[in-house]
Every structure is written in structure tokens, then in C-alpha cells.
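Visitor: In this note's numbering, the protein residues as written are 52 to 563.
We put the CB at the ideal spot given by N, CA and C, even for glycine.
First, the structure itself, so that you have it in front of you.
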Amino acid sequence: MPDAEFVSGPAMVLRSLAADPDRRAVVDADGAAITAGDFAAATYRLAHELIARGATRGTTVTLLTGNTPEALIARFAAGLAGARVVNLYNGMSAPVLAEIATSVDTAVLLVDAERYADAPELLPLIDVPTVLTLGPGPDGDGAVGEDVIAAAAHRPAEPPDVRIRPADDLSIRHTGGTTGIPKGILTLHGPYRAIFDTPVGDDRAPRLLAATPLAHLAGVLSDLVLHHGGTVVLQRSFDPGAVLAAVERERITDLWVLPPLLYQLLDHPAIGRTDLSSLRQIMYGGAAASPTRIREAFKVFGPVLVGVYGMSEAQMISALAPHEHERIGPGGQVPVGRPLPGIEVAIRGVDGADLPTGEQGEIHLRSDTIMAGYWKRPDLTAAVLRDGWLNTGDVGYFDEDGYLYLSDRAKDLIIVVGGHVYPSEVEELLLTHPAVARCAVFGVRDDQQAEHVHVAVVPAPGQRPELDELRAFVTERKGRIFAPEVLHVVDEIPLTPVGKPDKKRLREAATR
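The following block contains the structure:
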């Protein structure tokens with residue numbers, strides 16, 4: 052598509068909203084609804100205000116926000132202005148958030164009511180030219196920054212005259228990494244625009260319940276739903292009872308959950324008395340799922356489960372439709388589906404050669420939705436992107452009918468509710484604790500396939516490490532999702548023949 056004819060994803064969503072101004076576009080966590088017309092007007096006004104304050108092409112607008120309408124408005128407004136968007140995730144420590152905000156060259160930091168309390172700890176650690184709030188502070192004193200929503204009230208409620216090109220930066224999303232701070236995944240407008248060709252279901256206007264962070268897949272799904280004439284219902288965080296109540300009250304059609312959150316819904320006492328008849332699809336993914344619990348979910352929710360496999364570097368890769376869940380692989384494994392249209396997937400050996408059907412290897416893919424690269428890390432980019440193909444680092448295989456099975460996640464990556472934990476990051480931090488001489492961090496799955504962070508520690512001479520102390524140490528410096536849940540005190544860390552920590556042996560010992 053020529054640059055002159057290109058319409059960005061944010062612009063497409065706003066056009067859809069403006070064309071149907073009376074529909075309920077967003078419902079906040081307290082039940083207050085915002086019409087599509089009001090949402091579009093607020094977004095256009097904020098875009099003009101951000102441009103006036105220097106947030107234009109090549110600059111970064113960083114969001115310290117939760118699941119609020121203002122967060123959605125700010126993300127779209129920054130995109131319309133041509134600025135790249137970065138989210139500071141909840142659950143990370145202030146020093147890590149500060150490193151992220153600094154590394155992406157933040158020009159404007161926007162803070163909403165949900166994250167206002169996090170600002171006083173973060174702001175002294177960063178040097179950001181402009182800090183603004185999305186609405187008044189709790190005391191209305193402007194202590195954190197000026198209310199940019201109020202300041203934008205006099206701006207025109209029409210699209211800004213900014214030409215967005217496919218090669219312009221859209222966002223930097225962060226994932227786990229071994230380099231001190233999470234890796235920044237740079238997405239351009241062109242690849243993100245491609246996801247808007249994804250269908251969202253039948254002819255009914257979708258009603259999405261966003262109960263997981265908008266900074267992750269829930270935000271992408273929200274964009275699709277708003278573009279396709281639907282409504283996004285927000286929740287501050289995931290609470291199984293509140294989710295079930297919202298499904299019934301708001302007649303929710305679409306829901307995205309990680310498998311452990313799906314299990315919380317199944318185990319909640321209200322599940323049997325909740326009207327679930329409005330649900331069209333429950334999408335799950337982001338972590339290994341228990342086949343037993345997925346079968347249980349089918350009995351409870353009906354044939355509405357859709358398994359998805361994806362990653363921040365490439366968006367969604369494959370999907371498993373409800374009727375395809377009857378397919379079972381070796382060991383009772385459920386496939387992650389077939390590649391979506393426009394996605395090429397290859398299984399390759401360590402030498403880069405394609406492997407035959409049924410043989411496990413590294414999953415490589417090629418599509419229009421792949422990231423541009425890792426922000427300011429050409430070395431990491433070159434390691435995973437080659438000749439248009441992305442090496443996911445995940446291991447899997449195809450069966451004879453073209454279904455993809457995921458055998459293992461990238462190396463030792465631990466996927467927990469709330470994010471990704473790379474063991475080496477936590478190990479490096481724990482080695483600075485006076486009670487730790489050596490350590491190895493690894494993930495252990497429970498009987499429902501949810502992963503938990505374990506650590507094996509060789510104590511320093513004369514020291515006796517305690518779990519609560521190590522958890523507090525990691526939480527303060529890195530964030531609570533990285534804190535180990537189980538401590539194993541050992542005399543030595545077992546090693547592989549090449550001298551690396553043998554985490555397979557540690558994992559086996561932990562599950563005996």
C-alpha cells in the first residue's frame with residue numbers, strides 16, 4: 052500500500068468510533084459507559100494537545116496507566132500524533148520501570164488514576180521533560196503533573212493533520228531479557244495495521260471483557276473490538292468472582308485469559324449459578340494449558356474455547372478452534388492450532404534445515420506482523436531475525452494434518468500470571484544477597500500446568516537463607532512477579548557435562 056493511501060490502526064479505530072457515535076464503546080470498572088462519539092472526541096483533543104507539547108513523530112510517550120478509558124484514549128492519541136507508545140507494566144519495581152522509561156527516551160509521561168500512587172516512587176528516578184496526568188489527581192493538587200485532559204478541552208474534536216507512514220514507529224513493548232532490563236520490542240505502524248484484517252467472530256457486535264492488562268494482548272483485542280463496532284468492558288485486575296459477575300451483567304461475548312486464570316474461574320463457587328450464555332469465545336494462551344482442565348472448561352462453558360499461540364515479537368501465530376480441541380497429540384497434549392492466514396511457520400533443526408513432520412525443532416515464522424527489532428539492541432535483533440524469518444526460540448512440531456504442537460517454551464523462560472520471568476535476571480540479583488553463594492532459578496509446573504518460580508541456593512559461609520527474606524529482596528529490586536515461591540537449600544548446584552546448571556535435574560528433584 053502506498054504511503055499516501057496508508058491508514059494506521061489507531062486512525063481506523065477512531066474512524067469506526069466516529070461513524071457510530073451513539074454506541075457504548077467503553078465501560079469502566081465502575082460501570083460508567085462512554086459513547087463512541089465522546090471517546091473519539093476526547094482522543095482527537097488529546098492528540099492535538101500532545102502535538103502542541105512536542106509529542107510528535109520520533110518521540111516517545113510513556114504510559115503509567117492501568118485498565119482505564121483514559122489509558123485507551125492516551126494510547127490512541129499518541130498514535131494519531133505519530134509518537135511511539137510505551138507502557139510501564141504493573142508488578143515491576145520502580146528501578147526497573149525507571150530504566151525502561153529512560154532507555155526509550157521518554158519525552159512525555161502520562162499517569163492515570165489507577166497508577167497515580169506509583170508516581171512518587173518512580174519520578175525521582177527518571178529525568179522526563181514532561182509529566183502529565185490523565186485527569187485530576189486524587190487531591191486535585193497537581194502534585195504529579197498538570198491534568199492534560201482538562202488542558203485539551205479546548206482543542207478541536209477532529210483528527211490531527213499528521214500523515215502516518217507504515218515504517219513509522221508505533222510502540223515498544225517490553226518482555227523479559229537477560230541484559231539488565233526487559234527487551235524492548237519495536238512494532239511499526241504497517242505490521243500492526245495488518246492485524247485489523249483478523250475476524251472477530253459472528254455478526255453480533257463483540258463485547259470484550261478486558262480483565263488482564265491492556266498493556267498486553269487485552270489491549271490488542273480491545274483495538275479489534277472497537278474497530279469492529281463492539282464494546283470494551285474494563286476491570287482493574289483479574290478477580291474470578293468479578294469476572295463471572297461482569298460476564299452475566301454485561302452480556303460479555305469475548306474473554307481473554309491465561310490458563311491459570313481460566314482455572315480460577317472453573318474453581319469459583321459462583322460458576323454454577325452464573326449465566327454464561329452470552330459467551331461466544333474464551334481465548335486462552337500465553338502459558339501451557341492442562342488438557343484435563345481444558346476438557347473441564349468445555350463442560351462448564353460449552354464449545355467456546357479458542358486456544359491461541361503468540362508472542363510479543365509477532366502478535367498471534369496460530370489458533371485452535373473449539374471443534375479442534377478434540378484433537379489430542381502424544382501424551383494427551385493439545386495442539387496450539389494451525390497457523391493463521393498470512394503466517395508461515397517452519398520447524399528447523401539447530402543447523403537451520405527444515406525438519407520433517409512429527410520431528411521436534413525450533414519454531415521459525417515469517418509474516419507481516421513481525422517486530423522491527425529489539426529497541427537499541429541490534430545484536431539481539433540479528434540473533435533472532437534473519438532473511439525475514441523470526442526464530443521464536445520455542446520448540447515444537449507439526450502433525451500430519453498441519454497442527455502445531457508446542458513442546459517447550461524458549462529455553463528456561465518461566466511464564467507466570469502477570470508476565471515472563473527469565474531465570475538469569477533473578478539469579479544475577481540473588482547473587483548480590485549476602486546469604487547466597489550460588490543459585491539457580493527454574494520453573495516448576497503444578498498439576499494444572501501453571502508455572503511457579505523455584506530457586507536452589509548454596510548458602511554463603513555462616514549464612515542461612517530464608518524464603519521470605521529472598522522474596523522481599525527480589526520484590527523490592529525487581530518486582531513481585533520475579534520473586535521465588537519455593538526455596539531449595541542445597542550443598543551444590545548440579546551441572547551438565549558442559550558445565551551449565553542442570554535445571555532439568557533440579558526440576559525433577561523439586562517434583563519428587
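Give, in chain order, every unbroken run of the alpha helix (DSSP H) that is at least 4 residues long and sits entirely within the stretch 225-293.
Guide: You should have 240-245, 268-278.
Visitor: DSSP has residue 491 in a bridge; who is on the other side?
Guide: Numbered from its first residue, the sequence shown carries residue 491 at position 440. Answer is 507.
Visitor: Output the distance between the C-alpha atoms of residue 201 and residue 537, rounded to the nearest integer angstrom.
Guide: Along the sequence shown, one-based indexing puts residue 201 at 150. Along the sequence shown, one-based indexing puts residue 537 at 486. If I take the Cα positions, the gap works out to 48 Å.
Visitor: Could you pull the DSSP bridge partners for residue 390 from this structure?
Guide: The sequence position of residue 390 within the sequence shown is 339, counting from 1. In DSSP, residue 390 forms a bridge with 369.
Visitor: By Cβ distance below 8 Å, which residues in the same chain neighbour residue 411 in space, the five residues on each side in sequence not counted?
Guide: Looking up residue 411 in the sequence shown gives position 360. Result list for residue 411: 398, 446, 447, 448, 458, in chain order.
Visitor: Three or more beta-carbon pairs under 8 Å between the stretch 510-519 and the stretch 485-494, yes or no?
Guide: Verdict: yes, contact present.
Visitor: Run the CB neighbour count on residue 189, radius 10 Å, all protein chains shown included, and call it buried at 16 or more, exposed below.
Guide: Taking the sequence shown and counting its residues from 1, the one referred to as residue 189 is at position 138. Exposed, since its Cβ has fewer than 16 Cβ neighbours within 10 Å.
Visitor: Which class does residue 181 belong to by DSSP, given the choice of helix, strand or coil?
Guide: If you number the sequence shown from 1, residue 181 lands on position 130. Three-state result, residue 181: strand.
Visitor: Going straight from the alpha carbon of residue 179 to that of residue 149, what length do you get?
Guide: Here residue 179 corresponds to residue number 128 of the sequence shown, with the count starting at 1. Here residue 149 corresponds to residue number 98 of the sequence shown, with the count starting at 1. Whole-angstrom Cα-Cα distance: 10 Å.
Visitor: What do you get for residue 230, buried or exposed, if any count of 16 or more other CB atoms within 10 angstroms of its CB means buried?
Guide: As a first step, residue 230 is located in the sequence shown; it is residue number 179 there, counting from the start. Reliability fails at residue 230, whose pLDDT of 37 lies under 50, so the model's placement of it is uncertain and the value that follows must be treated cautiously. Burial call: exposed.
Visitor: For residue 492, I'd like the list of residues in its chain whose CB is within less than 6 Å of its CB, leaving aside the five on either flank, ordered along the chain.
Guide: Within the sequence shown, the letter at position 441 stands for residue 492. Same-chain partners within the cutoff: 474, 477, 478, 506.
Visitor: With a threshold of 8 Å, are at least 3 pairs of Cβ atoms found where one atom belongs to the stretch 84-104 and the other to the stretch 118-136?
Guide: Yes: at least three Cβ pairs fall under 8 Å.
Visitor: I need the DSSP call for residue 146, collapsed to helix, strand or coil.
Guide: Start at 1 with the first residue of the sequence shown, and residue 146 comes out as number 95. Helix, per DSSP.
Visitor: Taking the beta strand (DSSP E) that residue 205 belongs to, which residues open and close that run?
Guide: Sequence index remark: in the sequence shown, residue 205 carries index 154 (1-based). Element bounds for residue 205: n/a, residue is neither H nor E.
Visitor: Terminal residues of the continuous beta strand (DSSP E) containing residue 57?
Guide: Sequence index remark: in the sequence shown, residue 57 carries index 6 (1-based). Neither: residue 57 is in no beta strand (DSSP E) and is coded neither H nor E.
Visitor: Straight-line CA distance for residue 549 to residue 406?
Guide: Against the sequence shown, residue 549 aligns to sequence position 498. Against the sequence shown, residue 406 aligns to sequence position 355. Annotation note: pLDDT 40 at residue 549 (below 50); position unreliable, coordinate value reported separately. Looking at the two C-alpha atoms, the distance is approximately 26 Å.
Visitor: Which value, in whole angstroms, describes the spacing of the CA atoms of residue 279 and residue 207?
Guide: Sequence index remark: in the sequence shown, residue 279 carries index 228 (1-based). Sequence index remark: in the sequence shown, residue 207 carries index 156 (1-based). Taking the straight line from one Cα to the other gives about 25 Å.
Visitor: Could you pull out every residue in the same chain whose Cβ sits closer than 6 Å to the Cβ of residue 157, ignoring the five residues on either side in sequence?
Guide: Looking up residue 157 in the sequence shown gives position 106. The residues are 111, 113, 179.
Visitor: For a test of the three-state rule: what should DSSP assign to residue 195, helix, strand or coil?
Guide: Working through the sequence shown from its first residue, we reach residue 195 at position 144. In the structure shown, residue 195 sits in coil (DSSP, three-state: anything other than H, G, I, E or B).
Visitor: Let me confirm a value: residue 205 is counted as buried when at least 16 other C-beta atoms fall within 10 Å, else exposed. Which label applies?
Guide: For the purposes of this step, residue 205 is identified with residue 154 of the sequence shown, where counting begins at 1. By the neighbour-count rule (16 or more Cβ atoms within 10 Å), residue 205 is not buried but exposed.
Visitor: Among 233, 145, 326, 121, which has the Cα closest to the Cα of residue 185?
Guide: Working through the sequence shown from its first residue, we reach residue 185 at position 134. Closest by alpha carbon: 121.
Visitor: So, for residue 388: in the same chain, excluding its five sequence neighbours on each side, which residues have a beta-carbon less than 8 Å away from its beta-carbon?
Guide: Taking the first residue of the sequence shown as 1, we reach residue 388 at position 337. Answer for residue 388: 358, 359, 360, 369, 370, 371, 372, 375, 454, 455, listed in chain order.
Visitor: With which residues is residue 332 paired in a DSSP beta bridge?
Guide: Position 281 of the sequence shown, counting from 1, holds the residue named residue 332. According to DSSP, residue 332 bridges with 305.
Visitor: Quick check on this structure: which residue in 74, 144, 325, 311 has the alpha carbon closest to the alpha carbon of residue 497?
Guide: As a first step, residue 497 is located in the sequence shown; it is residue number 446 there, counting from the start. Of the listed residues, the one whose Cα sits closest to residue 497 is 311.
Visitor: In three-state DSSP terms, what is residue 88?
Guide: The residue you call residue 88 lines up with position 37 of the sequence shown. Three-state result, residue 88: helix.
Visitor: Across the stretch 340-354 and the stretch 307-324, are there enough close Cβ pairs to call them in contact, namely three or more that are closer than 8 Å?
Guide: Taking 8 Å as the limit for Cβ pairs, the verdict is that the stretch 307-324 does touch the stretch 340-354.
Visitor: Can you tell me where the alpha helix (DSSP H) with residue 518 in it begins and where it stops?
Guide: Here the question's residue 518 lines up with position 467 in the sequence shown. From DSSP, the alpha helix (DSSP H) with residue 518 extends over 518-528.
Visitor: With H, G and I counted as helix, E and B as strand and the rest as coil, what does DSSP make of residue 443?
Guide: The residue given as residue 443 occupies position 392 in the sequence shown. Correct three-state label for residue 443: strand.
Visitor: In whole angstroms, what separates the C-alpha of residue 464 from that of residue 422?
Guide: Translated into the one-based positions of the sequence shown, residue 464 becomes position 413. Translated into the one-based positions of the sequence shown, residue 422 becomes position 371. When rounded, the distance between both Cα atoms is 20 Å.
Visitor: For residue 449, write down the residues that DSSP places opposite it in a beta bridge.
Guide: One-based indexing of the sequence shown puts residue 449 at position 398. Residue 449 is bridged to 455.
Visitor: For residue 106 and residue 91, which I take to be in contact (beta-carbon distance under 8 Å), what is that distance rounded to the nearest angstrom?
Guide: To locate residue 106, count along the sequence shown from 1; it is residue 55. To locate residue 91, count along the sequence shown from 1; it is residue 40. The Cβ separation is near 19 Å, so there is no contact.
Visitor: Would residue 286 pass as a contact of residue 80 if the rule is Cβ separation under 7 Å?
Guide: If you number the sequence shown from 1, residue 286 lands on position 235. If you number the sequence shown from 1, residue 80 lands on position 29. A contact, by the Cβ cut-off of 7 Å.
Visitor: Using the rule of at least 16 other Cβ atoms within 10 Å of the residue's Cβ for burial, across every protein chain shown, is residue 502 buried or exposed?
Guide: Residue mapping note: residue 502 aligns to position 451 of the sequence shown, counting from 1. Flag for residue 502 reads buried.
Visitor: In the structure shown, what three-state DSSP assignment does residue 154 receive?
Guide: Counted from its first residue, the sequence shown places residue 154 at position 103. Of the three classes helix, strand and coil, the one that applies to residue 154 here is helix, per DSSP.
Visitor: Out of curiosity, what's the CA-to-CA distance linking residue 390 and residue 527?
Guide: On the sequence shown, position 339 is the one that residue 390 refers to. On the sequence shown, position 476 is the one that residue 527 refers to. For residue 390 and residue 527, the distance between alpha carbons rounds to 40 Å.
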